[in-house]
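Below is one structure; the comments refer to it alone.
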Amino acid sequence: MEYQLIHKTVYHYSEPVTVSQHAARLEPLQDMRQSAKGFKLRIEPAPDVVTTRTDYFGNRTTVFGIRELHKELVVESSSRVTVSGVTPPVPVLSPVWKDVAALFRDPVSPQNTGPYEFCLDSPLVRLAPVFAQWARESFGANTPLLAGVVDLMGRLYREFEFDPVATDVATPLEEVWEERRGVCQDFAHVALACLRSLGLPARYVSGYLRTVPPPGQERMQGADASHAWFAVFCPANGWVDFDPTNNVMPCDGHITVAVGRDYSDVSPLCGILTGGGEHTVSVAVDVIPLG
0 MEYQLIHKTV YHYSEPVTVS QHAARLEPLQ DMRQSAKGFK LRIEPAPDVV
50 TTRTDYFGNR TTVFGIRELH KELVVESSSR VTVSGVTPPV PVLSPVWKDV
100 AALFRDPVSP QNTGPYEFCL DSPLVRLAPV FAQWARESFG ANTPLLAGVV
150 DLMGRLYREF EFDPVATDVA TPLEEVWEER RGVCQDFAHV ALACLRSLGL
200 PARYVSGYLR TVPPPGQERM QGADASHAWF AVFCPANGWV DFDPTNNVMP
250 CDGHITVAVG RDYSDVSPLC GILTGGGEHT VSVAVDVIPL G
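Quick look at the structure:
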C-alpha cells in the first residue's frame, strides 16, 4: 500500500522567540516492511542551521536552529511511503516466553545485547512488581511468547479506556495505571512496563495509522493523527508489532516513523528556546492512500 503523508505542526507564541533549537523525527523509517521516498521538510521561519543524521536507534533526525525573532513556528513534513502487507507470525508457534526471557538474563550473550537494552528501565517506563503481577495473568508457565502478548494486548484494550483529555505527554505512567485511561502513547507505555517487568524486550513505536471515514462521509483533511504502539522481540521473528489501542497486530495500515525505549526517544518535534512566553500548538496529519 502506498501513502502520501503530510504532518504539519504550528506553534504560536505570546511573546517573540529570540533563539530556538529543535529536533524533528518525522522521516518514515526504512526497513524490510516499508520504503519511503521524496521526504521534504518545510520550516518557517527558515532556520540558520539544518543537519540531518541517523540517531542511536536508527531514526532519521533533523536538527535545526533559528536565530531570528518569531512568534510562530511552522514545521511541515511530506513524503511517500510504501508499506508491504506482511503476514503476522502465528502466535501459538512462537517460543515459550520463559525461554525467551532466559536469553536476556545476565550474563547476556553477544548476539542478544541489542534487544537486551529494551528489557531495562527507560526515562518514562519504570519496571515494578505490580506490572509483572498483572502481566502474568497472560503468561502461564508454557505460554508461547506471542500468544501471551496477544492476550495482554486484548486485556489492555478491554480494561483501559481511550480518553484523549485524560492525559498529556507529561502524565506519569503510574497515574495512567491507577486511572486506567489515556491515549495510544499511554497504552504503549503500560505494555512496555508489563513486558519488561517479566524480563522481555519491548520497544516503543511511533508513526501513523490510516483512518477510514464513516460510510457515506468523505475523508477530512488533517483529521488523521500520530499514533503509537509497541513491539516485542521474538528470536524466531525479530521485532513483532502490537497495537493495544485497536487490539490488532499492525499490517499495511500502520506506517512506522521511529522506534525507541519510550516516547522520549521518538517525539516528532522537541526543542529549547529563549523567550516565547506562553504558547499554543496545533497539529494536522494526513495519511492519504494512493492505491
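Numbering (numbering that gives the first Met the number 0), first residue to last: 0 to 290.
All residues carry an ideal CB built from backbone N, CA and C; glycine is no exception.
Residue j beta carbon less than 8 angstroms from that of residue i
i      : j      : result
Ala134 : Leu145 : no
Pro122 : Asp261 : yes
Ser34  : Thr81  : yes
Arg180 : Glu160 : yes
Phe27  : Thr255 : For the record, residue 27 in the displayed sequence is Pro; it is not Phe. Yes, the pair counts as a contact, with Cβ atoms nearer than the cut-off.
Asp257 : Val247 : Strictly speaking, residue 257 in this sequence is Ala, with Asp absent from that position. It is not a contact, given that the beta carbons lie outside the stated cut-off.
Phe130 : Cys183 : no
Leu289 : Tyr2   : yes
Val9   : Glu71  : yes
Thr142 : Val95  : yes
Pro267 : Ala187 : no
Which of helix, strand or coil DSSP assigns to residue i
i      : result
Gln184 : helix
Ala190 : helix
Tyr55  : coil
Ser266 : coil
Pro243 : coil
Asp225 : Reading off the sequence, residue 225 comes out as Ser, not Asp. Ser225: strand per DSSP, three-state reduction.
Arg104 : coil
Val91  : helix
Pro109 : helix
Cys118 : helix
Arg125 : coil
Arg79  : strand
Residue i to residue j span [Cα, whole Å]
i      : j      : result
Cys269 : Ala23  : 7 angstroms
Gly237 : Thr273 : 43 angstroms
Ser196 : Phe103 : 12 angstroms
Ala101 : Ala165 : 37 angstroms
Asp294 : Pro15  : Since the first and last residues shown for the chain are 0 and 290, residue 294 lies out of range.
Gln220 : Val74  : With a pLDDT of only 45 at Gln220, under 50, the local geometry of the prediction cannot be trusted, and no value is derived from it.
Gln29  : Ala201 : 20 angstroms
Tyr156 : Glu67  : 46 angstroms
Ser78  : Arg41  : 12 angstroms
Ala224 : Lys39  : 19 angstroms
Phe232 : Gly113 : 10 angstroms
Ser190 : Glu173 : Residue identity differs from the one stated: residue 190 is Ala in this sequence, not Ser. Looking at the two C-alpha atoms, the distance is approximately 13 angstroms.
His11  : Pro44  : 12 angstroms
Tyr115 : Phe56  : 13 angstroms
Gly276 : Ser83  : 45 angstroms
Span of the alpha helix (DSSP H) around residue i
i      : result
Pro114 : Thr112 to Tyr115
Phe130 : Pro128 to Ala134
Leu151 : Leu144 to Glu158
Ala100 : Trp96 to Ala101
Opening and closing residue of the beta strand (DSSP E) in which residue i lies
i      : result
Val175 : No beta strand (DSSP E) contains Val175, which is instead part of the alpha helix (DSSP H) from Leu172 to Glu178.
Gln33  : Gln33 to Glu43
Arg202 : Ala201 to Leu208
Ala169 : Unbroken run through Ala169: none, as it is neither H nor E.
Pro288 : His278 to Pro288
Ala22  : Glu1 to Ala23
Ala352 : No statement about residue 352 is possible, as the shown extent of the chain runs from 0 to 290 and does not include it.
Residue i: CB within 7 angstroms of a non-hydrogen atom of the ligand PLP
i      : result
Cys233 : Of the ligands one can find in the structure shown there are none, so the ligand PLP has no counterpart to examine.
Q. So, do the segment 88 to 103 and the segment 43 to 59 have three or more beta carbon pairs nearer to each other than 8 angstroms?
A. Contact fails: fewer than three Cβ-Cβ distances are below 8 angstroms.
Q: Say whether the segment 52 to 70 touches the segment 17 to 35, bearing in mind that this needs 3 or more beta-carbon pairs closer than 8 angstroms, one atom from each stretch.
A: With a cut-off of 8 angstroms on Cβ pairs, the segment 52 to 70 is in contact with the segment 17 to 35, counting three or more such pairs.
Q.
I want to know whether the segment 225 to 233 touches the segment 203 to 211 - three or more CB-CB distances under 8 angstroms.
A. Touching, yes, given that three or more Cβ pairs across the two stretches are closer than 8 angstroms.
Q.
Tell me whether the segment 275 to 287 and the segment 116 to 132 touch, counting them as touching only if at least three CB pairs, one residue from each stretch, are closer than 8 angstroms.
A. Too few Cβ pairs lie closer than 8 angstroms, so no.
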